[in-house]
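So the structure is just underneath, and the comments pick up after that.
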Amino acid sequence: DSWFTDFHKEFATKEDIKLRFEHRLIDHTIGKEGIIYIDDEEIIKGSIPKSTERRKLISIEGKLFYNLCITNDQVNVLRIIEEFLEYDKGAIVLKANRGRGKSAVLGLAIAGMILNYDISKILITAPEAENIQTIFEFIMKALDSKGIKYSNRMVDNLIVELKYYDKKVLYKKPLGALEEKADIIIIDEAAGISIPLLLGLMKRYHKAIYSSTIHGYEGAGRGFSIRFMNRLKKFTDVLEVSMEEPIRYAINDPIEKWLYDILLLDAEPAKIDGIKDYRYEEIDRDELFYNNEPMLREIIGLYVLTHYRNKPDDIALLADAPHHFIRAMLTDNKVVNALHLCYEGNIDVSFDTIKDIKGNMIPSVVARYYYNLKAFCKLKGVRIVRIATHPSSWNRGIGSQALEELRKEFEKKVDWLGSGFGASPDLLRFWLKNGYHVISIGPRRNPVSGEYSVIVIKPMKKHVNKILDDLIREFRLRFIDSLYDSYFNLDLQTAYLLLNDRYGNITFKPEFKGTQRLRLEAYLNDLVIYEGATDSIRVLVKAHFMNSKRLELSEEEEKLLIAKVLQGRDWINITRLMKKRLADSIDMMKNIIAKLYEYY
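In the numbering used here, the protein residues as written are 790 to 1389.
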């Protein structure tokens, strides 16, 4: 009973739980070096590790706080940062496992920048303010050691700003950092930030220090290395620095090894030389967590590599939740693609119970935003929680093949397949190409990824088509009318893809009111300018994007309509986006509206 925790109560009753994660934890703990296991009946002691001595610290004089370093790795990092500060632009990428003093040395470096350099503003960003409290702690420790007076500002008991005269160190979440200006930016836990947002920060700040955990609770260090580093190196000069000597642990500490083992922090994808053929397979979770450690590590390694946010709870959910399950594509018994799946739906909802819907992400979204279509919640579905493909097999169609095999398996068993993810052009193209349709977009950007979350659905049975038509109609209505406000800054390619899905049999006629039709005709006959007929034009453009069967326009033409008419961007912004002269953009707009008016 003691193993049934609040975590488990979120998704199952005590009778339904199978404690695979906890059994594996015990199996990988009892008798291990440095660990003593105690229960009511016995005490089992692992072997006691030999003590090790820390290496002697080298002595360096300079502008940074070398005297407060504990390891030679920290001294080396400060020396490299001091040299880096002499240049106008470039990037340092600092990589280390946890407990190596990475955040501490960044704090010491920033303190030195404040006191000894002509730097007025240093920006720090990380997924959460909690991530960078150690940095602020060591900034203050260094300044205190010199008797320096400073002030700081706290939000929710967390330091977010430090001032020393006219100099400032400021924390912002990654999305907020895109709106700031600074002499240098420190991007801590960079592996926990989405690649598109990292690329935006890269372009905005020409002097940056990226700090990344190779293995850790974010668990995305290797994905960061593969997916971001190549682009960073093409953009600017990059110096990579590693820290290996531990501070939190002794060298080769068995407890650190044990922690990495039970939480799979060092899980790696399989080494695959080439793919001749592959098969789709159901993965038995009992077999996986009790008897097939290599395959478990391959699956978790794939998730860590391809998703920028990971945590131990994800593994526990995969292991213990009764409605979660796994499918995989295998080649030579090695995992080339892994699907983390869960059953959803088959529930009754009312206004009183919407907030209590747990473990049913897609029905919950439908109930909140489209309550009149709550009948959807009674349908049975499978949600793709995560899908990950081995990097050696990217762009070879294996992810699409896995989704097709999933469809074949469940086409007669459930009513729908679906997923939720951060909307980026690449991901939207992938899901739309595979026959999934967007039914919802989140009201706010994720402050870490900078993306809006979207929900996609693929019908498995004919009776789902009608309700999917209704869901898509409601989504388009809400999205089109919100582009002027909530989604004003949504990137144009994403907005275009969201509106370019023409599924279903949705018809929508423009409804002009008052003098709107007359002013539209006046615009087309050069009697009024665009700004004199914007409301009329908007009615027409809304009808175009609402319809499943619509006038064929080019991608460029539809993007112009979205950016100018639906998002309300000014003409200067339009010329930049469309890469056209102002007069050409204005002429193109009139030609498009003339075609739409004739068609609708």
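Backbone N, C-alpha and C define an ideal beta-carbon position, used for all residues, glycine too.
Cut-off 6 Å between Cβ atoms - residues of its own chain near residue i, not counting five sequence neighbours on either side
i	result
glutamate 1263	Tyr1159
proline 963	Thr914, Ile982, Leu986 and Val1237
glycine 1239	Leu964 and Leu986
methionine 1335	Arg1265 and Phe1297
arginine 1068	Leu1119
tyrosine 826	Ile819 and Ile833
Reduced DSSP category for residue i - H, G, I as helix; E, B as strand; rest coil
i	result
lysine 1222	helix
methionine 1249	coil
alanine 1039	coil
aspartate 1376	helix
threonine 923	helix
asparagine 886	coil
glycine 1207	strand
serine 1031	strand
lysine 1353	helix
alanine 915	coil
isoleucine 819	coil
valine 1124	strand
glycine 1010	With a pLDDT of 49 at glycine 1010, under the threshold of 50, the predicted position of this residue should be treated as unreliable, and no value is reported.
alanine 1322	coil
alanine 1056	coil
phenylalanine 1017	coil
lysine 1022	helix
arginine 1233	coil
histidine 1112	coil
leucine 1106	helix
leucine 808	coil
isoleucine 1269	helix
leucine 1119	strand
isoleucine 908	coil
serine 1153	helix
is_contact[residue i, chain B] using C-beta, thresh 7 Å
i	result
glutamate 1070	The structure shown has no chain B; it contains just one protein chain.
Beta-carbon spacing of residue i, residue j below 7 Å
i	j	result
alanine 1352	leucine 1266	no
serine 1337	isoleucine 1295	yes
asparagine 861	arginine 844	yes
glycine 1224	aspartate 1258	no
tyrosine 939	leucine 947	no
proline 838	glycine 820	no
arginine 813	phenylalanine 1114	no
glutamate 1200	methionine 1150	no
isoleucine 1072	alanine 1117	yes
alanine 1383	leucine 1313	yes
isoleucine 869	valine 1030	yes
lysine 852	lysine 910	no
leucine 959	leucine 912	yes
8 Å Cβ shell around residue i - same chain, five flanking residues per side excluded
i	result
leucine 1219	The sequence as given places phenylalanine at residue 1219; leucine does not occur at that position. Answer for phenylalanine 1219: Gly1188 and Ser1189, listed in chain order.
serine 840	Ala1039
phenylalanine 1268	Ile1230, Tyr1276, Leu1287 and Leu1288
lysine 878	His995, Lys996, Thr1025 and Asp1026
isoleucine 806	Phe793, His797, Asp1109 and Pro1111
glycine 1207	Glu1133, Ile1151, Gly1170, Val1171, Arg1172, Ile1173, Tyr1225, Ile1244, Val1245, Ile1246 and Lys1247
arginine 1016	Ile984
Per-residue burial, residue i [other beta carbons within 10 Å of its own, 16 or more giving buried]
i	result
glycine 1063	exposed
valine 944	exposed
aspartate 1273	Strictly speaking, residue 1273 in this sequence is tyrosine, with aspartate absent from that position. Exposed is the call here.
isoleucine 1176	buried
aspartate 1066	exposed
tryptophan 1205	buried
lysine 1202	exposed
aspartate 977	buried
asparagine 1126	buried
threonine 1304	exposed
threonine 1431	The structure shown does not extend to residue 1431, since the chain is modelled only from 790 through 1389, so no value can be given for it.
glycine 1186	exposed
isoleucine 973	buried
arginine 1370	exposed
asparagine 1099	buried
Contacting residues, own chain, Cβ-Cβ under 7 Å from residue i (five flanking each side not counted)
i	result
aspartate 1050	His817
asparagine 920	Asp977 and Glu978
lysine 1123	Ala1059, Ile1061 and Glu1087
lysine 1197	none
Inside the segment 1058 to 1102 only - alpha helix (DSSP H) runs reaching at least 4 residues
1074 to 1080 and 1082 to 1095
Considering only residues of the segment 1156 to 1199, which uninterrupted beta strand (DSSP E) runs meet the minimum length of 3 residues and lie entirely inside it, listed in chain order?
1169 to 1178
What are the complete alpha helix (DSSP H) segments, minimum 4 residues, inside the segment 918 to 1005?
922 to 934, 963 to 966 and 984 to 993
Within the segment 847 to 901, ranges of the beta strand (DSSP E) (whole runs, at least 3 residues):
879 to 885
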